[in-house]
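Q: Residue numbers (our numbering), protein chains in the order written: chain A, 352 to 829; chain B, 352 to 829. Note that beta-carbon positions come from the ideal geometry of N, C-alpha and C, so glycine has one too. Treat the numbers as computed from the prediction; the structure is a model and nothing was measured.
1. Is it right to say residue 699 of chain B is buried, meaning 16 or more other beta carbons lie within 10 angstroms of its own, or is it exposed?
2. Quick one: what does DSSP say residue 574 of chain B is sitting in, helix, strand or coil?
3. How about the region 778-788 of chain A and the region 801-812 of chain A: do they share at least three Cβ pairs that are nearer than 8 Å?
4. Return the Cβ separation of residue 554 of chain A and residue 800 of chain A in integer angstroms, given the expectation that the two are a contact with Cβ distance under 8 Å.
5. Between residue 365 of chain B and chain A, is there a C-beta pair that is closer than 7 Å?
6. Is the Cβ-Cβ distance between residue 442 of chain B and residue 618 of chain B less than 7 Å?
7. Tell me the rounded alpha-carbon separation between residue 354 of chain A and residue 446 of chain A.
8. Could you tell me whether any Cβ in chain B is nearer than 7 Å to the Cβ of residue 453 of chain A?
9. For the candidate residues B/452, B/501 and B/645, whose alpha-carbon lies nearest to that of residue 713 of chain B?
10. Ignore the nearest five residues each way along the sequence and tell me which others in residue 796 of chain B's own chain have a CB closer than 8 Å to its CB.
11. Residue 803 of chain A: buried (16+ other C-beta within 10 angstroms of its C-beta) or exposed?
12. Taking just the CA atoms, how far does residue 627 of chain B sit from residue 763 of chain B?
13. Mind reading off the beta-carbon distance from residue 586 of chain B to residue 561 of chain B? Whole number of angstroms is fine, and I expect it under 8 Å.
14. Near residue 485 of chain A, what residues of its chain come up, given a Cβ to Cβ distance below 8 Å and the 5 sequence neighbours on each side ignored?
15. Would residue 716 of chain A and residue 696 of chain A be called neighbours here (beta carbons separated by less than 7 Å)?
16. Roughly how many whole angstroms lie between the Cα atoms of residue 524 of chain B and residue 389 of chain A?
17. With distance defined between alpha-carbon atoms, name the residue in A/372, A/546 and A/565 nearest to residue 740 of chain A.
18. Please find out if some non-hydrogen atom of the ligand ZN comes closer than 6 Å to the beta-carbon of residue 782 of chain A.
19. Could you give the C-beta distance for residue 466 of chain B and residue 515 of chain B, rounded to a whole number, given that I count them as a contact under 8 Å?
20. Between which two residues does the beta strand (DSSP E) holding residue 802 of chain B run?
21. Do residue 453 of chain B and residue 498 of chain A count as a contact pair if the criterion is CB distance below 7 Å?
22. Consider the Cβ of residue 420 of chain B: report whether some Cβ of chain A lies at a distance smaller than 7 Å.
23. For residue 526 of chain B versus residue 583 of chain B, is the C-beta spacing smaller than 7 Å?
24. For chain B, find out if any of its Cβ atoms is closer than 7 Å to the Cβ of residue 425 of chain A; answer yes or no.
25. Could one say the Cβ of residue 388 of chain B lies closer than 7 Å to chain A's Cβ atoms, at least one of them?
26. From the beta carbon of residue 802 of chain A, is the nearest beta carbon of chain B less than 7 Å away?
27. Any contact of the region 378-389 of chain B with the region 456-464 of chain B, i.e. 3+ C-beta pairs under 8 Å?
28. Within 7 Å of any Cβ in chain A, is that where the Cβ of residue 498 of chain B sits?
29. Name the residue from A/639, A/680, A/593 and A/691 whose alpha carbon lies nearest to the alpha carbon of residue 632 of chain A.
30. State the Cα-Cα distance for the pair residue 391 of chain A and residue 752 of chain A, rounded to the nearest angstrom.
31. Measure the alpha-carbon distance for residue 794 of chain A versus residue 570 of chain A and round it to whole angstroms.
32. For a test of the three-state rule: what should DSSP assign to residue 714 of chain A, helix, strand or coil?
33. If I follow the unbroken alpha helix (DSSP H) through residue 427 of chain B, where does it start and stop?
34. What's the C-alpha gap between residue 566 of chain B and residue 666 of chain B?
35. What would DSSP say about residue 437 of chain B, mapped onto helix, strand or coil?
36. I'd like the list of long-range same chain contacts for residue 710 of chain A, defined as Cβ closer than 7 Å, with 5 residues on each side in sequence excluded.
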């Protein structure tokens, strides 16, 4: 077990330096690497396999709900980006500009898409003519570029991968329903596939998407108490439609503007997985998206029959889970540490004595609980234990959030709690930008969301004391 | 049938104007649309669904052969692009340059990747240390940008989608084996999934990839006799490895350079599908990649029980194929034309009399052959007929290629054949660039490939009369 210890010592402990722990895990679990382009990362095979699993689950769900995938250009002419006023103000300062093609200077600059509302709107203006053409339910999987000052793998990178849904509807009601529906898809995905509990709510005007009428969000809490915005869904009304002259002949035979939404989830969510479930031994992956769900590790593999049995088990388990046999020359202890680092949910140990007794040992990654299982019962026990890992991770994350959720009913309390604790702080708000900014300045917190599930902490705004309009979750965020 | 005729008239006939026919099909089958960025296209849902089917089949095959997906940045610093001399000479004239991030001018220009050898090599220089780290078998699905002067949807666009495999091997033999293996994967895919016969061969030095030692290619013949390069696989030797200082400790404990390959197939292949199989009624899709394999069209759908039966059939057929029911108000004739335009391989017609007789009519898209089938036998007959469509398409394409393959043994013959015919011309070549250029100038043909399956047309070069080194396929190409 000596080298096991060595591996573990190689990561910074979470309590000592959470930021360093995070980059250690990203690097040692081989999720991502730095590239020669500042702020752009290389997503390595193990990290990309997680993203592929995320894509598969979300894409299936989108398609079940009638959405279709398309591909828009990655470049946007400057004049097109400028068409919607709030939008260009929000994004122009952070885009990458293409000015030359080969040796020639372009007549008009093109930016690499930071998001694609403008491109979708231009296309929609060509293809939406009648109410019969609605709804349009499009999505694309791509990468986008935003010129960020400071970056961290997965959490904030200049180029990041995401999906962006863009839909057009006949009525405001339908568009609002879509906005809510897609937020629920994201929330269900986080809770059911990633074991991450989230709070659903609406962003304040200050925090909403550039050009949107309303932005809905799911907010997750990381192990250290900071918030991570994990998915957003925007309702645009007909603002972009007016700016892009998208009109259709309605049922009443009059020209109308359609109502629009967009919604996205990105590779940030991999950062959320790391920081919600990880521990001092490395990554801990929720089974639904783990590239390897069960790793088979032979013990005393030089002994006759051990490798054969391990290999036979692996072939058999392929039918029910993503399984890998590690028959390399490394010691079992080294392998245990390696796959703990990589967050594999279940480890199956099998040695000569196990084979004699027609059994093996299954070890859960989340709590290291060992179960001795008859080889005849694996098809039943493995799904149960994987579900157990999922449930355990969810319960632990929820407990962390509950332990770190506070409330404040006046500014003194707010400053005190925000200074002493890291977590969510529930407090009432009058709706004024001035109070939101004062909270940022005095307590160092930003509004995470106005949760759909409101509570009444008091009658008045935590900042100005005027009548409150909503309860807000406040906190520090990634 | 009046509106059926109207639809058909809306496309230019192939024989009248093949180029116009092509763009008509792209547009009317709703595969792609133009965008406001010159040379960039929008891939619409129906076109993108074809690409998703292509991706799924190829990706599964790549993974079976041990390849792993990764994601590299889309931007390359100018200094990195310049590291390998031949490579930068080939690509620098046709890249898009990012010069500004937000409002700041960059210290070093970044290009949008035209291909990613340089990025992979830099990453490999960090992660390959020992022969134990080899082979590295990486692939990525992405889009790349090349600043083309003239563009056509799918065939040549400034931004196009592709996969690019990049692998590193311990020995030259292993790398050459990989190069050949991946060319075979592409050839098998074209023949078995797309019903497109291809010729496998090697590119001449003039036509090979910038920086490669050897480029292997598969060449397909379009309906009009022109060639389309449908996939390429490159062997690099250790040229890039030396330029990027990639060294590993070999089995003999000495530092060695690894041997490299790359290989790619792009959205061009959708252009190949259109131009190989299409006809005057529109697109004809090979069943393996068709988004809809069977369209169910109710006849006299207002009659009692018709829609119910059609819908019941559709639900049943979902288990064995990609099926769609069109229960819209359009007439059956309109629908027939619509799904012929969209290239759906099989049409299932069902009306009141069919229901009475427990049967339906299946119509093949490729030859319009009708088969009356008992409803009890659909699970057996539909796969048979889909296979029939595939085989029919392949045979027709092969026949076209055979009809349009000629040979020439001297320059006079070459000029005559190239002037009178559109197709492949087999002729011997001495290996000199001067002769290759003379053939381009005098006969207007370029070398497509030196096929692996060589034939002896004569002993001497078709151009200079000196001893021949290889038989070459010459032709005009997209």
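A: Let's see:
1. As a position in the second chain, residue 699 of chain B is number 348, starting the count at 1. By the neighbour-count rule (16 or more Cβ atoms within 10 Å), residue 699 of chain B is buried.
2. For this step, residue 574 of chain B is matched to residue 223 along the second chain. Looking at residue 574 of chain B - three-state DSSP - the assignment turns out to be coil, as it is neither helix nor strand.
3. yes
4. Against the first chain, residue 554 of chain A aligns to sequence position 203. Against the first chain, residue 800 of chain A aligns to sequence position 449. Their Cβ separation, rounded to whole angstroms, is 6 Å, which keeps residue 554 of chain A and residue 800 of chain A in contact under 8 Å.
5. Residue 365 of chain B sits at position 14 when you count from the first residue of the second chain. Cβ-Cβ to chain A under 7 Å: no for residue 365 of chain B.
6. Along the second chain, one-based indexing puts residue 442 of chain B at 91. Along the second chain, one-based indexing puts residue 618 of chain B at 267. Contact: no.
7. For this step, residue 354 of chain A is matched to residue 3 along the first chain. For this step, residue 446 of chain A is matched to residue 95 along the first chain. Reliability of the predicted coordinates at residue 354 of chain A is poor, the pLDDT of 44 falling under 50, and the value obtained from them is presented with this limitation in mind. Going from the Cα of residue 354 of chain A to the Cα of residue 446 of chain A covers about 47 Å.
8. Here residue 453 of chain A corresponds to residue number 102 of the first chain, with the count starting at 1. Output row for residue 453 of chain A: interface = yes.
9. Mapped onto the second chain, residue 713 of chain B falls at position 362. Here the closest residue by C-alpha is B/645.
10. Residue numbering aside, residue 796 of chain B sits at position 445 when the second chain is read from its first letter. Answer for residue 796 of chain B: 765, 769, 776, 790, 825, 826 and 827, listed in chain order.
11. To locate residue 803 of chain A, count along the first chain from 1; it is residue 452. With fewer than 16 other Cβ atoms within 10 Å, it is exposed.
12. For the purposes of this step, residue 763 of chain B is taken as residue 412 along the second chain, with counting starting at 1. For the purposes of this step, residue 627 of chain B is taken as residue 276 along the second chain, with counting starting at 1. Rounded to whole angstroms, residue 763 of chain B to residue 627 of chain B spans 30 Å at the Cα level.
13. The count along the second chain starts at 1 and reaches residue 586 of chain B at position 235. The count along the second chain starts at 1 and reaches residue 561 of chain B at position 210. In fact, because the Cβ distance is near 14 Å, the residues do not count as touching under 8 Å.
14. As a working mapping, residue 485 of chain A is identified with position 134 in the first chain. If we look at residue 485 of chain A and ignore the five residues flanking it on each side, its Cβ neighbours are 479, 519, 520, 521, 599 and 609.
15. For the purposes of this step, residue 716 of chain A is identified with residue 365 of the first chain, where counting begins at 1. For the purposes of this step, residue 696 of chain A is identified with residue 345 of the first chain, where counting begins at 1. For residue 716 of chain A and residue 696 of chain A, yes; Cβs fall inside 7 Å.
16. Counted from its first residue, the second chain places residue 524 of chain B at position 173. Counted from its first residue, the first chain places residue 389 of chain A at position 38. Taking the straight line from one Cα to the other gives about 37 Å.
17. In the first chain, the residue the question calls residue 740 of chain A occupies position 389. Considering only alpha carbons, the answer is A/546.
18. Of ligands this structure carries none, so the ligand ZN is not represented either.
19. Here residue 466 of chain B corresponds to residue number 115 of the second chain, with the count starting at 1. Here residue 515 of chain B corresponds to residue number 164 of the second chain, with the count starting at 1. About 6 Å; that satisfies the 8 Å criterion.
20. Residue mapping note: residue 802 of chain B aligns to position 451 of the second chain, counting from 1. Residues 797-802.
21. Looking up residue 498 of chain A in the first chain gives position 147. Looking up residue 453 of chain B in the second chain gives position 102. Contact flag set, yes.
22. Translated into the one-based positions of the second chain, residue 420 of chain B becomes position 69. With 7 Å as the cut-off, residue 420 of chain B counts as an interface residue toward chain A.
23. As a first step, residue 526 of chain B must be located in the second chain, where it is residue number 175. As a first step, residue 583 of chain B must be located in the second chain, where it is residue number 232. No; because the gap between Cβ atoms is not below 7 Å, this pair is not in contact.
24. Along the first chain, one-based indexing puts residue 425 of chain A at 74. So, interface residue.
25. Looking up residue 388 of chain B in the second chain gives position 37. Yes, residue 388 of chain B counts as interfacial toward chain A.
26. Position 451 of the first chain, counting from 1, holds the residue named residue 802 of chain A. So, not an interface residue.
27. no
28. Residue 498 of chain B sits at position 147 when you count from the first residue of the second chain. Chain A, which has a Cβ nearer than 7 Å to the Cβ of residue 498 of chain B, makes this yes.
29. As a first step, residue 632 of chain A must be located in the first chain, where it is residue number 281. Residue A/691 is the option with its Cα nearest to residue 632 of chain A.
30. Reading the first chain from its first residue, position 40 is the one you call residue 391 of chain A. Reading the first chain from its first residue, position 401 is the one you call residue 752 of chain A. Approximately 31 Å, taken between the alpha carbons.
31. As a first step, residue 794 of chain A must be located in the first chain, where it is residue number 443. As a first step, residue 570 of chain A must be located in the first chain, where it is residue number 219. In a straight line, the C-alpha of residue 794 of chain A is about 20 Å away from that of residue 570 of chain A.
32. Here residue 714 of chain A refers to the residue found at position 363 when the first chain is read from its first residue. Residue state, collapsed to three classes: strand.
33. Here the question's residue 427 of chain B lines up with position 76 in the second chain. It is not in any alpha helix (DSSP H) - residue 427 of chain B instead sits in the beta strand (DSSP E) that spans 426-428.
34. The residue labelled residue 566 of chain B in the question sits at position 215 within the second chain. The residue labelled residue 666 of chain B in the question sits at position 315 within the second chain. C-alpha separation (whole angstroms): 47 Å.
35. Position 86 of the second chain, counted from the first residue, corresponds to residue 437 of chain B. If DSSP states are grouped into helix, strand and coil, residue 437 of chain B belongs with the helices.
36. Within the first chain, numbered from 1, the residue matching residue 710 of chain A stands at position 359. 723, 724, 725 and 726, listed in sequence order.
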